[in-house]
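*Asks:*
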Amino acid sequence: MQQLLELVKQAHASGDYQPLVDLIPYAQVLGVKCECYGEEIIFRLPSNPDNIGNPTIPAIHGGVIASFMELTALFQLTLQLPQPGLAKIIDFSVDYMRSGLDRDTFAICQISRQGRRVGNCSVVAWQERKSKPIAQARAHFLLDTRVTAEIED
Amino acid sequence: MKKNDFGARCMRFLDAQPHMRKLGIRLISAEKSKVTLVLPVQSQLLTEGIDTYFHGGVLTTLVDAASSVSTLCALEQFELCPTLDLRIDHMRTPVQSESLFVSAECYRVTRSVLFTRASVFQDDPDRPVAYAIATFMRPEGGVTDSAFRAMIEGASDATTA
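Chains A and B are the protein sequences, given in the same order.
Per full-length UniProt numbering, the very first residue in the first sequence carries number 1; after that it's consecutive.
Per full-length UniProt numbering, the very first residue in the second sequence carries number 1; after that it's consecutive.
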């Protein structure tokens with residue numbers, strides 16, 4: 001846990017959040033990349049033959065798209081917390097709008113509300129244009145201030 | 001359709017998907033409208049030093065897979081049904097050191113839409129880790145790419161399709 005907090009601090013200082021993403025094994029399996037543009041963080045899921053669900057189109061597995069979006073929300077929230085801590089997923093709801101083709105996918109998360117205990121997020125994922133999303137999602141996270149507090153003590 | 005035919009169809013469907021092969025998601029059982037799958041413990045998903053998942057993500061993939069496989073057991077013929085929406089509630093944190101099981105059921109079939117529910121568990125099915133509901137769109141007029149259908153239905157069924 002100390003290691004995580006240290007990494008968050010370093011990431012904020014350097015603006016390079018990739019080491020944090022790489023801390024999550026499934027994010028590495030998927031090949032998630034994190035790119036910062038000023039204060040905006042855009043997540044990129046590069047085309048990867050192992051992420052295919054439908055081999056005939058071919059299209060990315062729906063679960064992969066959803067996981068990628070969940071990860072986007074988790075990171076956006078974790079990085080935005082006043083004190084770095086863990087955000088725990090409560091629920092996640094995704095609408096699929098278009099097939100995710102075998103090419104790079106992008107996602108960005110907006111925090112609509114960050115309370116003391118719960119964070120509300122919405123995520124949009126796209127390939128060609130942000131105005132033509134392949135999926136959109138909503139998620140609630142529990143902001144585990146207790147964990148953070150324990151570490152602070 | 002006989003019980004073991006559902007199983008064979010589901011296994012071919014899982015085998016056809018590169019991401020399912022990557023995670024080693026396997027079929028445990030299949031019957032009319034119901035399936036159980038497993039995600040085995042694997043080093044590529046482990047975080048050293050802690051016994052929990054930092055990221056629920058892999059559960060989302062698992063329930064999405066199980067929900068779509070359950071639709072295969074609810075339809076007479078294979079139809080490629082894209083997911084319309086999926087909602088997952090995380091009820092407890094799973095441990096990394098045990099396999100994750102998921103039971104999914106396609107509980108309602110209409111002309112256009114399929115409705116599914118799924119629950120993820122580890123040691124005890126009555127203590128679920130996560131619960132999910134999803135909907136799938138049936139292709140218009142039951143049209144599915146015939147090559148893909150032949151692959152999933154197997155050689156014997158493909159000749160009659």
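We put the beta carbon where it would ideally sit given N, CA and C, even for glycine.
Give the DSSP-derived three-state secondary structure of R44/A in the structure shown.
*Replies:* strand
*Asks:* Going by beta-carbon coordinates alone, are P25/A and L45/B separated by less than 9 Å?
*Replies:* yes
*Asks:* Mind checking if D126/B is an interface residue toward chain A, Cβ cutoff 9 Å exclusive?
*Replies:* It does not: the Cβ of D126/B has no partner Cβ on chain A nearer than 9 Å.
*Asks:* State yes or no: is the beta carbon of P19/A nearer than 9 Å to at least one beta carbon in chain B?
*Replies:* no
*Asks:* Considering only C-alpha positions, which residue in the set P55/A, G115/A and I65/A is nearest to F43/A?
*Replies:* Selected option, being the one with the closest Cα: I65/A.
*Asks:* So who's on the other strand from P133/A, going by DSSP bridges?
*Replies:* W126/A
*Asks:* Is the CB-CB distance between F78/B and E31/B below 9 Å?
*Replies:* no
*Asks:* Mind checking which residues open and close the beta strand (DSSP E) that includes M137/B?
*Replies:* A130 to M137
*Asks:* Where DSSP assigns a beta bridge to Y96/A, which residues make up the other side?
*Replies:* A135/A
*Asks:* Output yes if chain A places a C-beta closer than 9 Å to the C-beta of V69/B; else output no.
*Replies:* V69/B has a beta carbon lying at 9 Å or more from every beta carbon in chain A.
*Asks:* Does the beta-carbon of T135/B have 16 or more other beta-carbons within 10 angstroms, so that it is buried, or is it exposed?
*Replies:* buried
*Asks:* Quick check: the Cα distance between A87/A and Y131/B, rounded to an integer number of angstroms?
*Replies:* 19 Å
*Asks:* Please compile the residues from chain B whose C-beta is within a distance smaller than 7 Å of the C-beta of A66/A.
*Replies:* The answer, in chain order, is T60, D64 and L86.
*Asks:* Between L20/A and F75/A, what straight-line distance do the alpha-carbon atoms span, to the nearest angstrom?
*Replies:* A straight-line Cα-Cα distance of about 9 Å links L20/A and F75/A.
*Asks:* Whose C-beta lies closer than 7 Å to the C-beta of W126/A among residues of the same chain, with five residues either side of it excluded?
*Replies:* F106, K132, P133 and I134
*Asks:* Determine which residues of the segment 30 to 49 of chain A have a Cβ less than 7 Å from any Cβ of chain B, and write them out in chain order.
*Replies:* P49
*Asks:* I'd like to know if I111/A contacts chain B, where contact means its C-beta is closer than 9 Å to some C-beta of that chain.
*Replies:* No, because no Cβ of chain B sits closer than 9 Å to the Cβ of I111/A.
*Asks:* Can you pull the chain A residues whose beta carbon is under 7 Å from the beta carbon of T83/B, in chain order?
*Replies:* When 7 Å is used as the limit between beta carbons, T83/B is near these residues of chain A: G62 and Y96, in chain order.
*Asks:* Going along chain B, which residues have a C-beta under 8 Å from I52/A?
*Replies:* Q17, P18 and H19
*Asks:* I'd like the span of the alpha helix (DSSP H) that includes S67/B, first residue to last.
*Replies:* S67/B -> alpha helix (DSSP H) spans G57 to L72.
*Asks:* Could you check where the beta strand (DSSP E) with A107/A kicks off and where it finishes?
*Replies:* T105 to Q114
*Asks:* Compare the C-alpha of R117/A against each of V124/A, F141/A and I52/A and name the closest.
*Replies:* When each option's Cα is compared against that of R117/A, the closest is F141/A.
*Asks:* Does the beta carbon of L45/B come closer than 9 Å to any beta carbon on chain A?
*Replies:* yes
*Asks:* With 9 Å set as the bound, which would you pick, yes or no: does the beta-carbon of Q114/A sit closer than that to a beta-carbon of chain B?
*Replies:* Not closer than 9 Å to any Cβ of chain B, the Cβ of Q114/A fails to qualify, so no.
*Asks:* Could you check what DSSP says for T78/A in three-state terms: helix, strand or coil?
*Replies:* helix
*Asks:* Can you confirm whether Q127/A, when its beta carbon is compared against all beta carbons of chain B, has any partner nearer than 9 Å?
*Replies:* no
*Asks:* For R111/B, I'd like the list of residues in its chain whose CB is within less than 8 Å of its CB, leaving aside the five on either flank, ordered along the chain.
*Replies:* R138
*Asks:* How about P82/B and G62/A: do their beta carbons lie closer than 9 Å?
*Replies:* yes
*Asks:* Look at the Cβ atom of L14/B, then the Cβ atom of R21/B, and state whether they are nearer than 9 Å.
*Replies:* yes
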